[in-house]
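In order, the protein sequences belong to chains A and B. Residue 183 in the working numbering sits at position 85 of the first sequence, with consecutive numbering throughout. Residue 224 in the working numbering sits at position 126 of the second sequence, with consecutive numbering throughout. Built from N, CA and C at the ideal position, the CB exists for glycine as well.
Protein chains: 2
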Amino acid sequence: MLPTLRQLQYLKLLAEHGSFSRAAEAAHVTQPTLSAGIQELEKALGAPVVDRSRSGVILTPVGREAVRGAADILTRAEDLVQAARRAGRPLTGRFRLGVIPTVAPFLLPAALPALRRAFPELKLYLREDLTARLIAALKSGALDAALIALPYDTTGLDHAEVGEDRLLAAAPANHAFAQSEAVDPEELNRPDLILLEDGHCLRDQALGACRLEAPRGEDAYAATSLHTLVQMVGSGLGVSLIPQMAVQAGLTDSVPLVLRPIAGAGARRDIVVAWRAGSSRAAEGRLLAEALKAA
Amino acid sequence: MLPTLRQLQYLKLLAEHGSFSRAAEAAHVTQPTLSAGIQELEKALGAPVVDRSRSGVILTPVGREAVRGAADILTRAEDLVQAARRAGRPLTGRFRLGVIPTVAPFLLPAALPALRRAFPELKLYLREDLTARLIAALKSGALDAALIALPYDTTGLDHAEVGEDRLLAAAPANHAFAQSEAVDPEELNRPDLILLEDGHCLRDQALGACRLEAPRGEDAYAATSLHTLVQMVGSGLGVSLIPQMAVQAGLTDSVPLVLRPIAGAGARRDIVVAWRAGSSRAAEGRLLAEALKAA
DNA sequence: TAAAAATACTCCATAGGTATTTTAT
DNA sequence: ATAAAATACCTATGGAGTATTTTTA
Numbered sequence: 099m100l101p102t103l104r105q106l107q108y109l110k111l112l113a114e115h116g117s118f119s120r121a122a123e124a125a126h127v128t129q130p131t132l133s134a135g136i137q138e139l140e141k142a143l144g145a146p147v148v149d150r151s152r153s154g155v156i157l158t159p160v161g162r163e164a165v166r167g168a169a170d171i172l173t174r175a176e177d178l179v180q181a182a183r184r185a186g187r188p189l190t191g192r193f194r195l196g197v198i199p200t201v202a203p204f205l206l207p208a209a210l211p212a213l214r215r216a217f218p219e220l221k222l223y224l225r226e227d228l229t230a231r232l233i234a235a236l237k238s239g240a241l242d243a244a245l246i247a248l249p250y251d252t253t254g255l256d257h258a259e260v261g262e263d264r265l266l267a268a269a270p271a272n273h274a275f276a277q278s279e280a281v282d283p284e285e286l287n288r289p290d291l292i293l294l295e296d297g298h299c300l301r302d303q304a305l306g307a308c309r310l311e312a313p314r315g316e317d318a319y320a321a322t323s324l325h326t327l328v329q330m331v332g333s334g335l336g337v338s339l340i341p342q343m344a345v346q347a348g349l350t351d352s353v354p355l356v357l358r359p360i361a362g363a364g365a366r367r368d369i370v371v372a373w374r375a376g377s378s379r380a381a382e383g384r385l386l387a388e389a390l391k392a393a
Numbered sequence: 099m100l101p102t103l104r105q106l107q108y109l110k111l112l113a114e115h116g117s118f119s120r121a122a123e124a125a126h127v128t129q130p131t132l133s134a135g136i137q138e139l140e141k142a143l144g145a146p147v148v149d150r151s152r153s154g155v156i157l158t159p160v161g162r163e164a165v166r167g168a169a170d171i172l173t174r175a176e177d178l179v180q181a182a183r184r185a186g187r188p189l190t191g192r193f194r195l196g197v198i199p200t201v202a203p204f205l206l207p208a209a210l211p212a213l214r215r216a217f218p219e220l221k222l223y224l225r226e227d228l229t230a231r232l233i234a235a236l237k238s239g240a241l242d243a244a245l246i247a248l249p250y251d252t253t254g255l256d257h258a259e260v261g262e263d264r265l266l267a268a269a270p271a272n273h274a275f276a277q278s279e280a281v282d283p284e285e286l287n288r289p290d291l292i293l294l295e296d297g298h299c300l301r302d303q304a305l306g307a308c309r310l311e312a313p314r315g316e317d318a319y320a321a322t323s324l325h326t327l328v329q330m331v332g333s334g335l336g337v338s339l340i341p342q343m344a345v346q347a348g349l350t351d352s353v354p355l356v357l358r359p360i361a362g363a364g365a366r367r368d369i370v371v372a373w374r375a376g377s378s379r380a381a382e383g384r385l386l387a388e389a390l391k392a393a
């Protein structure tokens, strides 16, 4: 027999609050009601979901698995009704978009006014965070879509292309890079290569694209943002890779740098709009990607 | 307000049967009951899901979207209870595994006895089909996992590695390939290259791995199975690429062929066990991949 | 012994059934 | 004219409530 969505909500709240009474309060029902609901659920699952004890409840292994599934099912059900209520009017109302820090400041200033024009009824809630956290938020239903850069592990996601962003080699003015038209990836394999700090997808993409190893040792620097990174390169601390998008947005305008394309096709990242696979936001994600591509 | 799982079942059956009466029969309820259920659902969604007419019902755009979501939610809910009921005893009972035709005959004969030994309570239901259909079946819940080969678009799926399978260049005996230790991918770019017919993932993987174009024109052949392919190469019709796995299983034993490795690391496919992302079968999928890797 | 969960019971909202009417071909 | 869906109305299951008991740190 199938459980009820209500029972799954009870389970989710019970897991979140760690107590029948508090979960019941959160569910706006009384404690015995929630208690009975959980018992029904346990009957449906054929196994207890929590170990009851005086000091808080703890989930059984079955319960933990069930909570994961329940949360997933509930977001999908909510999605379903939201999508239906928005039907025929894509990109109207609330839309929660995550954006990575190495894209947000360079793409959004130009794109947001265009978006506002194309979708006047759209209320865009932006959240800037690292790819990993954005993806977690997508999967939990806390975000509707995210503007991220590939390559990245997109298991469980679907995506639409916004555009490709080439990576440029950056060095202090008067650096040897200035002599040639394009820089060979090999030339970037040097101890004074500066990257963003760990956790930024651009860091791994830069390394991967040029098949480099991360520099190690005392004199290896890591920057916390592209702005800092550009300043560090400009003041002669080393060389780096900068997305073309950031250059076009004027990030390097006031810094004395040499910027050169990198030989070969690998030095790029793909900017995409991603959403939870199977989400009813798929059509809107594609639409958003189209609109951003145009901007 | 959230709809009921029951209501989503009604919707799914209504879409499948195209009539309230027949859907009601399938749901083991009366027509008015199902009718009321659908009306409740429409209230929850804020829009009609079907256009009623004398000659069968037709889904509205909202309804179509809702059916997709409903089917997804229902399989996940069923998954949830199945997983709970199987808890603590992974890979016992029914497990529906899809396998692609270019893997099944070469991996399974050796692997199945080992699996039987490792998981005596496992009842493995096998289905052999092309990757695209297996993936559709995974997503609809008709399969629990599938043994497929990457690279392939795995959007919405998760997977665990079983092993890599190198592709070998195959030519009739006495062919020029016999002269060298390894064959350069370029040498396969010739009009008498024979591939599997369209739809087989191996066809695209062979082309992609060696960056080849598909041969065109009147004298371009396509084989319907690896067995045929080997026979065709053996009788002098052309050259091809054969998975090492098939060779090891003895596919080419009685055919006079030259087999040579292909230079570079690209000429390979990755055999993986895949499942629907977020499915509660994930742990079992990994376990299965481990067991197959050992075999 | 005290706080939390379970039990006992009561109630009513609603899912489901039967009988009938409305609708559209 | 007739098959299919909707409506009207009734029933009963079970979800939710209050009051109380049981359990265990």
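Rounded to whole angstroms, what is the Cα-Cα separation between Ala-113(A) and Leu-132(A)?
Using only the alpha carbons, I get a separation of about 12 Å.
State the beta-bridge partners of Phe-217(B) as determined by DSSP.
DSSP, once it has assigned bridges, lists no residue as partnering Phe-217(B).
With a 10 Å radius around its C-beta and 16 neighbouring C-beta atoms as the bar for buried, classify Gln-277(A) as buried or exposed.
Looking at its Cβ environment, which holds fewer than 16 other Cβ atoms inside 10 Å, Gln-277(A) is exposed.
Answer with buried or exposed for Leu-224(A), where buried requires no fewer than 16 other C-beta atoms within 10 angstroms of its C-beta.
Here Leu-224(A) is exposed, its C-beta having fewer than 16 other C-beta atoms within 10 Å.
From Phe-217(A) to Thr-190(A), what distance separates their C-alpha atoms?
Going by C-alpha positions, Phe-217(A) is about 7 Å away from Thr-190(A).
Check whether the Cβ atoms of Ala-372(A) and Ala-243(A) lie closer than 9 Å to each other.
Yes; because the gap between Cβ atoms is below 9 Å, this pair is in contact.
So what does DSSP say about Pro-359(B), is it helix, strand or coil?
It is a strand residue.
Met-99(B): buried (16+ other C-beta within 10 angstroms of its C-beta) or exposed?
Looking at its Cβ environment, which holds fewer than 16 other Cβ atoms inside 10 Å, Met-99(B) is exposed.
So Ser-378(A) contacts chain B; which residues on that side make the cut at Cβ distance below 7 Å?
Simply Glu-163, Gly-167.
Find the nearest neighbour of Ala-269(B) within the set Asp-256(B), Ser-333(B), Pro-283(B), judged by alpha-carbon distance.
For Ala-269(B), the closest of Asp-256(B), Ser-333(B), Pro-283(B) by C-alpha to C-alpha distance is Ser-333(B).
Since Glu-94(B) sits in a beta bridge, which residues does DSSP pair it with?
What the structure shows of chain B is the stretch from 99 to 393, and residue 94(B) is not part of that stretch, so it cannot be assessed.
In the DSSP output, what is Tyr-223(A) paired with across the bridge?
Paired residues: Arg-194(A).
Buried or exposed, going by whether 16 or more other CB atoms sit within 10 Å of the CB of Pro-289(B)?
Around the C-beta of Pro-289(B), fewer than 16 other C-beta atoms lie within 10 Å, and the residue is accordingly described as exposed.
Cβ of Pro-249(B) within 9 Å of any chain A Cβ:
Pro-249(B) does not count as touching chain A.
Residues near Glu-226(B) in its chain [Cβ-Cβ closer than 8 Å; skip 5 each side]:
Within its own chain, the residues whose Cβ lies closer than 8 Å to the Cβ of Glu-226(B), once the five positions on either side in sequence are excluded, are Gly-196, Val-197, Ile-198, Pro-199, Ala-202, listed in chain order.
Is there contact here, the stretch 128–145 of chain A with the stretch 153–172 of chain A, by at least three beta-carbon pairs under 8 Å?
Three or more beta-carbon pairs drawn from the stretch 128–145 of chain A and the stretch 153–172 of chain A are found closer than 8 Å, and the two stretches are therefore classed as touching.
Would you mind giving the Cβ-Cβ distance between Pro-101(B) and Leu-157(B), rounded to the nearest angstrom? I have them listed as a contact below 8 Å.
In this structure Pro-101(B) is not in contact with Leu-157(B), their Cβ atoms being roughly 16 Å apart against a cut-off of 8 Å.
Considering only the beta carbon of each residue, do Gly-383(A) and Asp-177(A) sit closer than 9 Å?
Not a contact, by the Cβ cut-off of 9 Å.
Give the range of the alpha helix (DSSP H) segment to which His-257(A) is assigned.
Unbroken run through His-257(A) is the beta strand (DSSP E), 255–270; no alpha helix (DSSP H).
With a 10 Å radius around its C-beta and 16 neighbouring C-beta atoms as the bar for buried, classify Ala-271(A) as buried or exposed.
Ala-271(A) counts as exposed, since fewer than 16 other C-beta atoms from the protein chains shown sit within 10 angstroms of its C-beta.
Since Glu-176(A) meets chain B, which of its residues come closer than 9 Å, beta carbon to beta carbon?
Using a Cβ-Cβ cut-off of 9 Å, Glu-176(A) is close to Leu-100 of chain B, given in chain order.
Could you name the residues of chain A that Pro-159(B) contacts, counting a contact when the two beta carbons are closer than 9 Å?
Result: Ala-185, Gly-186.
Under a Cβ-count criterion, where at least 16 other Cβ atoms within 10 Å of its own Cβ denotes burial, should Pro-341(A) be classed as buried or exposed?
Counting other Cβ atoms within 10 Å of its Cβ, Pro-341(A) reaches 16 or more and is therefore classed as buried.
Secondary structure at Asp-170(A), three-state DSSP: helix, strand or coil?
Reduced to three states, the DSSP call for Asp-170(A) is helix.
Closest Cα partner of Gly-154(B) within the set Val-179(B), Val-147(B), Ser-352(B), Phe-118(B):
Answer by Cα proximity: Phe-118(B).
Here's the rule: buried if 16 or more other CB atoms are within 10 angstroms of the residue's CB, otherwise exposed. What is Lys-110(A)?
The residue in question, Lys-110(A), is buried, as its Cβ has 16 or more Cβ neighbours within 10 Å.
Contacts around Val-345(B), its chain only, beta-carbon distance under 7 Å, and the 5 residues preceding and following it disregarded:
Apart from sequence neighbours up to five positions away, the residues of its chain that approach Val-345(B) with a beta-carbon distance below 7 Å are Leu-266, Leu-357, ordered along the chain.
Hey, does Ile-198(B) have any beta-carbon neighbour from chain A nearer than 9 Å?
Residue-level contact by beta carbon fails for Ile-198(B) and chain A, as no gap is shorter than 9 Å.
Hey, could you find the ends of the beta strand (DSSP E) Leu-339(B) is sitting in?
Judged by DSSP secondary structure, Leu-339(B) falls within the beta strand (DSSP E) whose first and last residues are 338–341.
Counting only C-beta atoms, is Leu-172(A) closer than 9 Å to chain B at any point?
Yes - at least one Cβ of chain B is within 9 Å of the one on Leu-172(A).
Closest to Gly-254(B) by CA distance: which of Arg-374(B), Leu-386(B), Ala-321(B) is it?
Among Arg-374(B), Leu-386(B), Ala-321(B), the Cα nearest to that of Gly-254(B) is on Arg-374(B).
Look at the Cβ atom of Leu-103(B), then the Cβ atom of Ile-171(B), and state whether they are nearer than 9 Å.
When the beta-carbon positions are compared, Leu-103(B) and Ile-171(B) come within less than 9 Å of each other.
So if I threshold CB-CB distances at 8 Å, which residues from the stretch 112–146 of chain B count as touching chain A?
Residues of the stretch 112–146 of chain B with a C-beta less than 8 Å from any C-beta of chain A: Ala-142, Leu-143, Gly-144, Ala-145, listed in chain order.
Alpha helix (DSSP H) segment containing Val-328(A), residue limits:
Looking at the DSSP string, the run of the alpha helix (DSSP H) that includes Val-328(A) is 324–332.
Note the first and the last residue of the continuous beta strand (DSSP E) segment covering Ala-235(A).
For Ala-235(A), there is no enclosing beta strand (DSSP E); the enclosing alpha helix (DSSP H) has its first and last residue at 229–238.
Cβ of Val-179(B) within 9 Å of any chain A Cβ:
Yes, its Cβ sits closer than 9 Å to a Cβ of chain A.
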